[in-house]
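Q: One structure is given below, represented as structure tokens, and several questions about it will come after.
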Amino acid sequence: MKRDAPLLISVAILWFSLALGLSYVLTGWPQWRQQGPIRALFVAKSGPSPKQAASRGLQAQVWRTAGEGWAQGEFEGTMALEEGAGLQLIPGGAQGSYTSRSWKASFPINALGWEWQGICPQGTEVAIQARVSADGQDWSPWQEIPPFHEEQRDPGGPWVGELMGVPLGGHVQYKLQLRSSPTSASPVIEALTLTLLNSLRGPQIKAAKAALLPPEEDGGVPRPPIISRAGWGADESLTNWEPEYRWPKKVIIHHTVTYNPDPLATLRAIHYYHAVTRKWGDIGYNYLIDGEGNIYEGRKGGEGVVAGHARDYNYASIGIALLGDFTEKRMPPAMEEALMEMLAWIADRYGIAPQGRTPAWGVERPNVLGHRDLRSTSCPGEQVYRRLFYLRAMAAQRLLAYPPAATIEAPRPGGAVGGKTRVEASSSSPLLAQMELYVDDQLVSTSEGSPLVWQWDTTSYHDGEHILKVVARGYQELNGELARTVVVDNSPPRGSIVINGGAAYTRDPVVSLALAAADAGAGVEDMELADNGQWRAKERFHSRCEWRLSQGDGARNIAVRFWDGVGNPSPVHSDTIMLDTTPPLWDRSCTLGQDRVQIGVQDELSGLVVSSAEYALSSDDGRERWGPWQPSPCSGSEGSKESQTISIPLSTLSGTAIRFRMMDRAGNWSMVSFQRSAISFGTEADSR
Ligand SMILES: [Zn+2]
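Take a look at the structure:
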């Protein structure tokens, strides 16, 4: 905890605000801004948020005041409504305040945010201040926590505040200032929730600087080093958001209105506040930059991911937040340099001319914007906003010093190609003069601009690896290039199919198929199965499946074709099985020969298992008591499909009834029994 000591001291003397992207001019209480009702809030979809956070290291707690809880504070021109319905001004009063009791969190907090539920009629205002103390005696000065700068709020949703950095302390107290105009009713605060955070634990900057995003492959203006989310200690268990992607056309600059003794702690607190408290699922900005010029990966999902930093303008924009409050203070030079490098890289990567203006969201706008160009906010702060023209010019200047970046859009990395395939290369550089495409160092296509599209007939190339290379020629002999290895595959996959492990017969129409396939280039992807010539829908290749044979006994042929990843089909492979659900059929009568009792039996589909023939005798007319099964000689060969005769010597026939049983090669058993009397007379059998 040694490392925290200097922090504690520096933090204790500075009351800092740690807000998310907006510029809120701190007018200071009680200088009321004439802004009508507090509208400037964002949206929490449902009630108050967490509980003790699960987050590694990060601690979070909420303190909610509602109902009878209001009675515990001090009222000045305000009053609690009956039955805990909320807090309001004394009837007729124009302004008043409410000071909460002091409350002790279970850990020292370094950041807090608020939200309240209630009514804020036109012409009224509610402002919130907070202070903290390490010991409950010495308190930091009261500091107003501004409302969130976004203008919309879900109807009926809570009013929401910024996340503020506060001096480290476990005791917290807040003060509400209510103001009403002579013609309006009082605001009513039903419930107030403070979210209290300690985000100090986590990686330190030195380790973070070694945890950079992996380098880019496609040249051009180099991407400045960016500290990954893992580097700053993003707790991914808090992230709950499906990424969406759009090609960015604009860059929107924000400031976070934070004082940042530990930028990584600020990032972790913002992440928690955006992802969990605000329920956005993740941090709002694409990138963040601290005062030392360190750049941090914000929203998860990589390049082109849509973030949540400027409501209604998130699609097709990249949001960069500067850590700090630049209302009056200028950006440190290292921060400005990093921002300029980011702008130049983004310009090259996405073809966004830094000094250009293009249509977006309905009207023509500068490509590099301040948040205030879109919303009524002072974000990114006057001192940053004034520097935008200079940043745009410097970024454009930097572009000139690098060759244009080039990339191969298709085929995709690691993908195999076959037949006639489309190759597309592009360069988004505003400085591109010409593009060239090479296969194995042979020039195959050129284009004046981007993209370059070429149909590649791979059948005239051997199977295996080839090198595609794109060259983007810029001005002044500055050329960018990118090479990529691709695999040509014009050979079909090999494969096989086996039904029921190679069995010839089945009595169960549900069989198991064992499918095997291999492909040297693109790999096996799909397959298609047919039952007696009826092809079914194509499906992903899998090596084992259950299959229900079409109805009716008889031979069934199951065929399969496999496709590799580039669409080469295999020859048709097949296996056959006989579906036999019919047991052997007995003759209607059992006849008495000279010295033998005999009966005919036949199985036309799978044939008889001759060795399975057995008989048994009964001493009670076949009602209950049967003797053991005994082998019964049968003529004919194993598997015979002709009618065969089972017979036993007359001398063995004791008792009053006889029965026979037998199986076919599909496993269907069949049994028949006769009264002895029926045999003796050699007439109609009594078949059961
Ligand atoms: Zn902003």
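Every position in the sequence shown, counted from 1, becomes a number in our numbering once 643 is added. Just so you know, even glycine gets a beta-carbon here, dropped at the ideal spot from N, CA and C.
Can you tell me whether D1307 is buried or exposed, with buried defined as 16 or more other CB within 10 angstroms of its CB?
A: When all chains shown are included, D1307 counts as buried.
Q: CA-CA distance, P1274 and I1291?
A: 9 angstroms
Q: To which residues of the same chain is K1284 closer than 7 angstroms at the C-beta, ignoring the five residues directly before and after it?
A: D1246, E1247 and G1250
Q: Buried or exposed, going by whether 16 or more other CB atoms sit within 10 Å of the CB of R1065?
A: exposed
Q: Alpha carbons only, please: which of S960, Q1026, P810 and G967 is nearest the one belonging to A1003?
A: S960
Q: What are the start and end residues of the beta strand (DSSP E) that includes K747?
A: W746 to I762
Q: If you count every other CB in all the chains shown that lies within 10 Å of the CB of G739, and 16 or more means buried, which is it?
A: G739 is buried by the Cβ-count criterion.
Q: Starting from V1131, follow the beta strand (DSSP E) in both directions and report where the run begins and ends.
A: Under the DSSP assignment, V1131 falls in the beta strand (DSSP E) whose first and last residues are N1122 to V1131.
Q: Return the bridge partner residues of I1242 from the DSSP annotation.
A: I1289
Q: Which runs of the alpha helix (DSSP H) spanning at least 4 residues fall entirely within the segment 1013 to 1067, listed in chain order?
A: DSSP runs (the alpha helix (DSSP H)) wholly in the segment 1013 to 1067: 1025 to 1028 and 1031 to 1043.
Q: Residues in the same chain with beta-carbon distance under 8 angstroms from P891, minus the five sequence neighbours each way, listed in chain order, please.
A: G947, A959, S960, I961, I989, Y993 and I995
Q: Are the segment 1127 to 1138 and the segment 1186 to 1193 touching by the rule of at least three beta carbon pairs closer than 8 angstroms?
A: no
Q: Alpha helix (DSSP H) containing I989: first to last residue?
A: First-last of the alpha helix (DSSP H) with I989: P976 to Y993.
Q: How would you label W1272, buried or exposed, when you count the other beta carbons within 10 angstroms and need 16 or more for buried?
A: exposed
Q: Would you grab the beta carbon distance between P1046 and G1123 for me? Rounded to a whole angstrom, and I think it's under 8 angstroms.
A: 4 angstroms
Q: Here's the rule I'm using: 16 or more other beta-carbon atoms within 10 Å means buried, otherwise exposed. How should P858 be labelled?
A: exposed
Q: Comparing C-alpha positions only, which one of A714, P1152, M1078 and D968 sits nearest to E1120?
A: M1078
Q: When the distance is taken between beta carbons, is A1165 closer than 8 angstroms to V1209?
A: yes
Q: Judging by CA-CA distance, which residue of L1158, N1200 and N1175 is the nearest neighbour of E1182?
A: L1158
Q: Where in the segment 1110 to 1198 do unbroken runs of the beta strand (DSSP E), each at least 3 residues long, occur, reported from the N-terminal end onward?
A: 1122 to 1131, 1137 to 1142, 1153 to 1161, 1167 to 1174 and 1187 to 1191
Q: Among the candidates A1309, E1267, I1322 and A1068, whose CA atom is the shortest distance from the CA of I1242?
A: I1322
Q: Taking 8 angstroms as the limit between beta carbons, can you name the residues of its chain near E1168, skipping five residues before and five after?
A: R1183, F1184, W1206, D1207 and G1208
Q: Just to confirm, are V1141 and D1223 a CB contact at a threshold of 8 angstroms?
A: no
Q: If you follow the alpha helix (DSSP H) that T909 is part of, which residue opens it and which one closes it?
A: P906 to Y915
Q: Measure how close the beta-carbons of G1265 and R1302 come, nearest whole angstrom, since I'm counting them as under 8 angstroms.
A: 7 angstroms
Q: Ordered along the chain, which non-local residues of its own chain (more than five positions away) have a Cβ less than 7 angstroms from that of W1312?
A: P1226, R1304 and M1306
Q: Cα-Cα, which of G720, Q715 and V919 is closest to R816?
A: In the sequence as displayed, the identity of residue 816 is Gln instead of Arg. Selected option, being the one with the closest Cα: Q715.
Q: Using a Cβ distance threshold of 8 angstroms, determine whether the segment 976 to 991 contacts the segment 864 to 872, with at least three qualifying pairs required.
A: yes
Q: What first and last residue would you give for the beta strand (DSSP E) that runs through G813?
A: From DSSP, the beta strand (DSSP E) with G813 extends over M807 to R822.
Q: Nearest-angstrom Cα distance between A908 and D1084?
A: 50 angstroms
Q: Report back the beta-carbon spacing between D925 and R942 to the nearest angstrom; my notes put them in contact at under 8 angstroms.
A: 6 angstroms
Q: Under the assumption that L966 contacts L931 (Cβ atoms under 8 angstroms), give the Cβ distance between them as a whole number of angstroms.
A: 6 angstroms
Q: Using 10 angstroms around the beta-carbon of F1317, count the other beta-carbons present and answer buried if the total reaches 16, otherwise exposed.
A: buried
Q: Cα-Cα, which of A1256, Y915 and M983 is closest to V894?
A: M983
Q: List in chain order: all unbroken beta strand (DSSP E) runs of 3+ residues lying wholly within the segment 816 to 897.
A: 831 to 841
Q: Can you tell me which of S1286, E1067 and P997 puts its alpha carbon nearest to the alpha carbon of L1034?
A: That would be P997, whose Cα lies nearest to the Cα of L1034.
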